[in-house]
Each structure stands twice: as structure tokens, then as C-alpha cells.
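For the sequence shown, the residue numbers in full-length UniProt numbering are 1 to 435.
Have a look at the structure below, then the notes.
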Amino acid sequence: MPDTGLPDTPAAPDSTTTDLASDTSPEHRAQGTGCGPLFPTPDSSAKSTRQQLFEAVRAAGAIPRVDLSRQTGFSPATVTQTAADLIATGLIEETDLPRREGDGGRGRPPVGLKIRPCAGMVVGVKISDRSNSAVVLDLAGQLLGSATLPAPPTARSTEEILTEAEVLVQTALQDAGRSGARPDAIALGLPGMVDFDLGRVLWCPFMEEADIPLRDLLTARLGAPVRIDNDANLLALAELWFGEGRGLDNFAVVSIEHGVGMGLVINHRLHRGGMGHGMEIGHTKVQLDGALCRCGQRGCLEAYVADYALVREAHTALNLGHQSTCADVMLETLYRQAKEGNALARTIFSRAGRYLAVGLANVVTLFDPALILLSGDRLRYDFLYAEEVLSETRALTHRPGRPPTPVEIHAWGDLVWARGAGALALEFATETLVG
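Dropping the structure here:
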């Protein structure tokens, strides 16, 4: 797999930077460490015994029956019987475990349970206006193959999006050595406003049409069950399933790229809101009658922090007049000038950082997350998370006796979005295959 990490980014004070080379990142998770939330959700009892035990095995990576019984609360007899059933259906298998200290090293090595690698397969897809990516995962969450293809920067029709997704899935399956195979589930993420329950894209910044039944159209095109979601939700799922969020009860992920998005986990579950398309932090209002956002409204946080907002400001600051300059080149030029001491360039980033501080403070005030993770391509512009930004966030949320909410910087590569989509596909496939 190619290196998809971002350029080295200095960590801001009171934050950490995660690099793709780390085995704790979603894209480089160590083999056998398990995946998925480490703790059951409050409604886990609504799931079958089979599914609860299957998910516990997957989260552990490999676990002896006695520990599985202790962890889940099921009796040893129930664990033994259910495990035998899951083994018979080809979903899990036995595996030798490392000896524990003090066992003397004699006799047969301890035996545990793990997910059978070939029990099933899912595909996670991310569609954007920069590049499209996909991953193929087995039911244990291990990466089997991936694909990254260029995406046109212009608006596309629904048919073009369907074709892009189809080609991307086929390319990823080919990379996994599974050409022509039918995945057990496919999940796709894209920016904009997505109704998860209905499977409809209400608005996407690079789609020509609105209110599209994309889930059903993709299911018919790809010949496999499909789920769709907002890409920021998938970034939160990547953290919940493969990253630092596995052991956290609640946390928020804020992404800063061409737009500003947020995913929120509460009680070890992704929170989408009452109608399935909440957490749109980028379109919360920070200035009445303010700057025009690409959603058509004014004063959105995104209109001050996203890359197109910085480009708009840079166009004036760099005295480009009516010249048409590539957005990425313009941003890099603006960033370089800010680093070199250009006062106007620094002011642009400072203003964006202050608006971001307001947005983060609102997240803290509303949801009180245990951790906020900042992620996305634009975090290479360290002015956006400088100490001044974090200090202002703390000042805006200061309450007597309340400790500041920790903020961490996770600069992962583009495949992490597809990996989050893969987690969504794993959720769906587990319900279908395990029952």
C-alpha cells in the first residue's frame, strides 16, 4: 500500500500528531489487535447472543473462551455452545494463543477464538472532488486491498458518481485478488447532507442534482447491499473501530478539508441526530449575514475555515486580480508567505483559526466530549490549531472546576475515510451474516 501520510506537521501545544507509520492508526493497525468498539453499547442486549459474542471476539482479535465469558457476562456453557455454532458456520475459528507468564511452558498452548479471515468481505468507499478511494476488508477488519483514483474537480451527474463508485470498487477488489467477487456489504461516504436512514443524498457540493436516492441506485448498480453516510461520520467510525476512540465512551472528530465536518460518538455509538443527518458543524452559523457558504447560506463556519474560504481571502491578499490560479497552489503560497512573516497572510489564517475556536467551543458546550480529534488535509496549515486557537477555545468554554477538553491532531492519509466506510459496511455485514 502506498504511503498516504501528510507532510510532517508540528504538534500544537496540548495536542498530539498521529502519523501513518504508527501501528495505532486506522490504516496501519497491527495484525491481531482486533477492531471495533472495545465496550458494548447500552442497547447491545437487543442483539442476538451470536452477534454479541462474534463482536467481542472481533474486538479482542483473539480471546480464550473463559475470558469471553467473563467479558460478556454469558455463562461458560453458553459461550461454548455459541462458539461451536459460529465455528460450524465458518465465521470464527480456533487459534493458538501466546503462553501466559507463570504457566511453566508445558503442555498444549492455550486455545482462543478469532474471526475466520475468509468468512466474508466488505468494501468501504470515499467519493470526493479531489480523489476517490476504497478499501477491501475481511470480517476481522484486516485490509485486503485498496484503490485510489483521481476525481474531477467539477460537478458531476448522478450517473457519473455511480460509474466512479463502480470502477473504484472493481479496482479495489482486483487489488485484493478478488476480481468479480460479490462483497457482503458496501458502504460509501461523501461530503454534504446525507439522510442515513433513507439512503438519500440531500445535498452534495459536487453533485449536480439534489435529494438523490443514492443508496438504492448503488445497490442496483453494484449488485450488493449498500449503505451511505456523510464522510465526517465515517471518519468518526474509523476512530471508533480502528483508532483511539475504541476505548472512549464519547468523543468528537472535526475534519477540515474542502469543507468542515464533524462526527460524534456517544455511548460508544455514532450519533447521527434524530433525522439521520445531524452534526453539520460546518453549517452552524458563526456570523449573521456573513460570508457566503457553498451551501447557499451565509455566515456558516465553513465559509470562514474551509479551503475555499482561505482561497477567497488569499486571492485578495496575494493581489492576483482576475488571474485564475489553482486553489492548492494559492493556499500553499499563502501558507508560505504567512510562515515568512507576511502580516496579511498571517491575519487570514488567524481569522480562520478564531472562527474554528468558536466552532470547537460550541461543540464542547453542547456535547462535553471527552476528546476532540482534529483531522483533515488542511491541518498541515498549523496556524489553524496554533496555541492561540486552542487557548481561545479554552477561554470560551471555561467554567469553574471544569477541566479543559483535550484536543488532538490526527493527520492521517486519505484511505482513513474509506476505512471508516469499511467499518460501516462491517456493521451491516455482521447483522446480515451473524444474525
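Note that beta-carbon positions come from the ideal geometry of N, C-alpha and C, so glycine has one too.
- Here the segment 142-151 makes contact with the segment 174-181; the two share three or more CB pairs at distances below 8 Å.
- With a 10 Å radius around the Cβ and a threshold of 16 neighbouring Cβ atoms, V122 comes out buried.
- The beta carbons of D216 and G199 sit closer together than 8 Å.
- Ranking A77, I115, I281 by CA distance to the CA of E94 puts I115 first.
- For S146, the secondary structure class from DSSP, reduced to helix, strand or coil, is strand.
- For L301, same chain residues with a beta-carbon under 7 Å away, outside a window of 5 residues either side, are V260, I281, G282, T284, V286, Y355, G359 in chain order.
- Put simply, the backbone Cα of L292 is about 4 Å away from that of R298.
- Within the segment 232-297, the beta strand (DSSP E) runs of at least 3 residues that lie entirely inside it are, in chain order, 250-256, 260-266, 269-271.
- Secondary structure remark: continuous alpha helix (DSSP H) runs of at least 4 residues inside the segment 350-400, in chain order: 387-396.
- Annotation for A210: L202, W203 place their beta carbon closer than 7 Å to its own, counting only its chain and skipping 5 residues before and after.
- Boundaries of the alpha helix (DSSP H) harbouring K339: 327-339, taken from the DSSP string.
- Collapsing the DSSP output to three states places A155 in coil.
- In this structure, E208 lies away from R130, with their beta-carbon atoms at least 8 Å apart.
- DSSP lists I63, E94 as the bridge partner or partners of L113.
- Between the beta-carbon of N250 and that of A370 there is about 5 Å, and that keeps the pair under the 8 Å contact cut.
- One Cα belongs to R221, the other to P152, and the distance between them is close to 21 Å.
- Here Q81 is exposed, its C-beta having fewer than 16 other C-beta atoms within 10 Å.
- For A187, the enclosing beta strand (DSSP E) begins and ends at 185-190.
- In the same chain as V311, and ignoring 5 residues on each side of it, the C-beta atoms closer than 7 Å to its own belong to A327, M330, L331, in chain order.
- If you look at G420, you'll find it isn't in any beta strand (DSSP E); it sits in the alpha helix (DSSP H) that goes 415-433.
- By the C-beta density criterion, E340 is exposed, having fewer than 16 other C-beta atoms within 10 angstroms.
- In this structure G263 is buried. Its beta-carbon is surrounded by 16 or more other beta-carbon atoms within 10 angstroms.
- A77: member of the alpha helix (DSSP H) spanning 76-88, first to last residue.
- Cβ neighbours of A345 within its own chain (closer than 7 Å, five residues either side excluded): A317, L334, Q337, A338.
- Contact annotation, G112 with I63: C-beta distance approximately 5 Å; criterion of less than 8 Å satisfied.
- In this structure, L91 lies near L433, with their beta-carbon atoms less than 8 Å apart.
- With fewer than 16 other Cβ atoms from the protein chains shown falling within 10 Å of its own Cβ, S48 counts as exposed.
- Taking each of P98, P117, R58 in turn and checking the Cα distance to P109, the smallest one comes out for P98.
- Using a Cβ distance threshold of 8 Å, I256 and L374 count as a contacting pair.
- Straight-line measurement puts the Cα of H268 at about 7 Å from the Cα of L248.
- DSSP places E208 in the coil class of the three-state scheme, outside both helix and strand.
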